[in-house]
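Residue numbers (our numbering), protein chains in the order written: chain V, 675 to 1030; chain H, 156 to 485.
Positions of the beta carbon are idealized from the N, C-alpha and C atoms, including for glycine.
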Amino acid sequence: MFKQLYFGELKKMFSLKTALIFFAIFVFGFIIVGLSFRAIGNLVEIDTVGMQDLSPMQSNRINVSEEETQSRLSVLRTELDRAEAEKAEEGYSYYLSLLNSMDEIYYLKSQIEIYEYIADNELYHTDLYFYDTVLYGVSSLGEQTATPFAVTMLGVFAFLLSIYALIIGSGAYATEMRNGTLKILLLHPISRNQLTLAKLLAMLTILTGAFLVIFICTVCYSYLAYHDPGYTMLFVFNAQSVFQAGYAFPLLLSVMSLLVNTLAYGIMAFFFGTLTRKRVLGFVLPYALDFAAPLVGMAGLSRFWITNVIAFESFFGVGMGLNTGSNFFLSLPLAIVYFGAMIALSFVVFHQRDVA
Amino acid sequence: MPAVLEVKHLKKTYVSRKGAGRTSELVAVDGVSFEINEGEILGFIGPNGAGKTTTIKMITGLAKPTEGEISICGHSVAKDRVRAMRYVGGVIETPDMYPDMTGLANLKYLVTLHPKDTMIDPQDATLAAKPKKELDAQRVEDVLRMVGLWERRNDLVRKYSLGMKQRLGIAQALLSKPKLLILDEPANGLDPAGIKYIRDLLRNLAGVYKMGILVSSHQLNEIQLMCDRVLIINNGKIISQKRIDELSKDETGASNIVIKIDKPAEAAAYVKQKFNVNAQISGSDLRIRTAMDTGTLTKELVLGGFNVYGIATEEVRLEDVFIDATGEGK
């Protein structure tokens, strides 16, 4: 019985017309973004110095001797002590980050972790690379290679996917309420909870499918167009532990970022659409939450805000994009609670409600 | 005859907040009780806002009653809505279907939501062995032909006329061979031929398949022609409950009888003396109000020496009963 419900919802929710329109926008955007990144990459390669200035570290390549490591460590530790003393003096202020700003303490801690990792494993006189932000498909190393290119492009398409998620999610119940088809549906021997579950799963399936299309297209293109230098890279997780992973590991982070983001927007739209019975509110309110993030940041609550806690990829850099006070082990339970509550409330609200 | 629907003391109160802790209560349905038997068509009439649709929504579990009990074929809607809905088919308010699907696709989707055993005819054992898909397809074709939409099955529902949507709505309601069929304004948007077609269809469903049918409508002539019994609701309360064939009778069983007779004045005096009933004279017609049947009355008058040219029970239109009961005409 549930299988039929699920496939029915899948069929109703997936509109070929909408999907084709989005796919056309994606292909068009893909060509524009791909070509322009390519052009920018060629310019940047001529002037890598300027590019490196955009990075907080001189380069994301390190090749150090034992002495250099120790002196760097002592400098960084002094800096950290100073920064922490400053924080202690002015009080550990959460009221600074208007936008996702870099936190100095996280940044210093990440660097110390990296140098300690080098010292512990005696990785002296070796080329080491660590994960850093990428811009226009160019890593801070100044060259355009497959993974950074794919990661940047996927970042651009996150917006497109979130709109698709809002369209699909907001319509799940609101459209049936507006069309009056919900009355017909509920005259059938199906439970309301099963219907909500079917709708939710159908939505998640469609969004995962849409994500896969974009992900596969982008990664294929990036790896066909650019070479993969095949470095092993260092990652700093949650500004406290260093680990090594392959050059393509950032793609996994992109999956996390993009898929989590897409599904989260879908769930928010589903929840608000069900709660308010209005599709337009289901569409607008998730964005309203996103736009409210800076205001919440002014109140010092950035690290608790629903649209911030799902930015898991920020915990794998070198302190970039981490909000003051953010912690992976705070964000993860908060995300589970927020979205779990939205899903649970969708069930409860729909189960209790009189269908007008 | 077993009841397919039993409604007991149904009540629905809407509470609206008026700010500052003040609330106002609106009683939409107030202590409604009735039942529908197998093979019976019950007309459900009342002025706009009387509580018809609210009652129907509670019966189908779309709205939750504040008080009262509803059971369909013995299954409580409050406790086990899913099981109770197995026996129900219906259209509520408007026959809304998925507009971007064809009529056929709509039914093909909805039929999958019914369990297999509702598709099986107890009389035909061979059906049980067939896969559900086959049974579903056959059922969809059957109901589409039944409502006369088979030729237009591949058109998108958004291109259907209101009458066609109405037919599709009824087809959808019949998919599971329900024991209880609930139709809200089924004649809406249908042309006269369509109305007759649907009326005959419903009479056939009640007669042959023993369905209990609840029809809510404003078209009182239609209700009078179609239904066995009628329920008049006003301000959330049932104010009158009558069998259609007894519409002309009042509480004592008396009805108006019109007699064409040769000497009306003398006949009036005769019946006054013999049966102690007052008769009114209009031209050559004599009108009397009595519980006696026309046969006995004719015999008595002929024996009294009068020539009876015609005798008939005066027809009462449901419209008059309705306006009388609801006081709408005043």
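**Item:** Continuous beta strand (DSSP E) stretch holding Thr-445 of chain H: start and end
**Value:** Note, Thr-445 of chain H: beta strand (DSSP E), 440-445.
**Prompt:** Touch check for the stretch 447-459 of chain H and the stretch 370-389 of chain H: three-plus C-beta pairs under 8 Å?
**Reply:** no
**Message:** Tell me the DSSP secondary structure of Ala-912 of chain V in three-state form.
**Reply:** Looking at the sequence shown, residue 912 of chain V is not Ala but Asn. If DSSP states are grouped into helix, strand and coil, Asn-912 of chain V belongs with coil.
**Message:** Using beta carbons (cut-off 8 Å, strictly below), is Thr-855 of chain V in contact with chain H?
**Reply:** yes
**Message:** Does chain H have any CB closer than 8 Å to the CB of His-862 of chain V?
**Reply:** yes
**Message:** Please list, in chain order, the chain V residues whose beta carbon lies closer than 8 Å to that of Pro-270 of chain H.
**Reply:** Met-675 and Pro-863
**Cutoff 8 Å: Arg-238 of chain H Cβ touching any chain V Cβ** = yes
**Prompt:** By how many angstroms is the C-alpha of Phe-696 of chain V removed from the C-alpha of Gly-671 of chain V?
**Reply:** Because chain V here runs from 675 to 1030, residue 671 of chain V falls outside it and cannot be looked at.
**Request:** My understanding is that Thr-451 of chain H touches Ile-466 of chain H, with C-beta atoms under 8 Å, so please give their C-beta distance in whole angstroms.
**Result:** Wrong, their Cβ atoms sit about 11 Å apart, outside the cutoff.
**Asked** What is the DSSP secondary structure of Val-246 of chain H, reduced to helix, strand or coil?
**Response** strand
**Asked** Hey, does Gly-682 of chain V have any beta-carbon neighbour from chain H nearer than 8 Å?
**Response** yes
**Request:** Helix, strand or coil for Ala-158 of chain H, going by three-state DSSP, please let me know.
**Result:** When DSSP states are grouped into helix, strand and coil, Ala-158 of chain H belongs to the strand group.
**Prompt:** Which one of V:Phe-911, V:Gly-854 and V:Leu-908 has the shortest CA to CA distance from Arg-951 of chain V?
**Reply:** V:Gly-854
**Request:** Using a threshold of 8 Å, state whether the C-beta atoms of Ile-247 of chain H and Thr-215 of chain H are closer than that.
**Result:** yes
**Item:** Endpoints, beta strand (DSSP E) assigned at Ile-414 of chain H
**Value:** Residues 410-416.
**Range of the contiguous alpha helix (DSSP H) that encloses Thr-981 of chain V** = 980-983
**Item:** Whole-angstrom distance between Asp-383 of chain H and Leu-375 of chain H, CA atom to CA atom
**Value:** If I take the Cα positions, the gap works out to 13 Å.
**Asked** Is Leu-165 of chain H close to chain V, meaning its C-beta is less than 8 Å from at least one C-beta of that chain?
**Response** no
**Request:** Pick helix, strand or coil for Gln-374 of chain H, following the three-state DSSP scheme.
**Result:** The answer is coil: DSSP assigns Gln-374 of chain H none of H, G, I, E or B.
**Coarse secondary structure for Val-471 of chain H, derived from DSSP in three states** = coil
**Item:** Range covered by the beta strand (DSSP E) that runs through Arg-384 of chain H
**Value:** 384-389
**Request:** Please check if any C-beta of chain V sits within less than 8 Å of the C-beta of Leu-217 of chain H.
**Result:** yes
**Asked** Should Val-934 of chain V be flagged as near chain H, meaning a C-beta pair shorter than 8 Å?
**Response** no
**Asked** Could you give the distance in angstroms between the alpha-carbon of Lys-332 of chain H and the alpha-carbon of Asn-192 of chain H?
**Response** 16 Å
**Asked** Per DSSP, which one or two residues make a beta bridge with Tyr-169 of chain H?
**Response** H:Leu-181
**Asked** Should Leu-197 of chain H be flagged as near chain V, meaning a C-beta pair shorter than 8 Å?
**Response** no
**Asked** When DSSP labels each residue in this structure, what does Thr-998 of chain V get in the three-state scheme?
**Response** coil
**Prompt:** According to DSSP, what are the bridge partners of Arg-398 of chain H?
**Reply:** H:Arg-384
**Message:** Counting C-beta neighbours from all protein chains within 10 Å, is the total for His-799 of chain V 16 or more, i.e. buried, or is it exposed?
**Reply:** exposed
**Asked** Is the CB-CB distance between Tyr-791 of chain V and Val-916 of chain V below 8 Å?
**Response** yes
**Request:** Have a look at V:Val-738, V:Leu-834 and V:Pro-863 and flag the residue whose alpha-carbon is nearest the alpha-carbon of His-269 of chain H.
**Result:** The residue with the shortest Cα to Cα distance from His-269 of chain H is V:Pro-863.
**Request:** Select from H:Lys-334, H:Arg-322, H:Leu-336 and H:Leu-335 the residue whose C-alpha is nearest the C-alpha of Lys-351 of chain H.
**Result:** H:Arg-322
**Message:** Whole angstroms are fine: how far does the CA of Thr-879 of chain V sit from the CA of Asp-727 of chain V?
**Reply:** Residue placement at Asp-727 of chain V is flagged as unreliable, the pLDDT there being 41, under the threshold of 50; a coordinate-derived value is accordingly withheld.
**Item:** Cutoff 6 Å; reference Gly-845 of chain V; Cβ partners in own chain excluding five residues on either side
**Value:** Arg-953
**Request:** Give the residues of chain V in contact with Asp-251 of chain H, contact being defined as C-beta atoms less than 8 Å apart.
**Result:** Asn-853, Gly-854, Thr-855, Lys-857 and Ile-858
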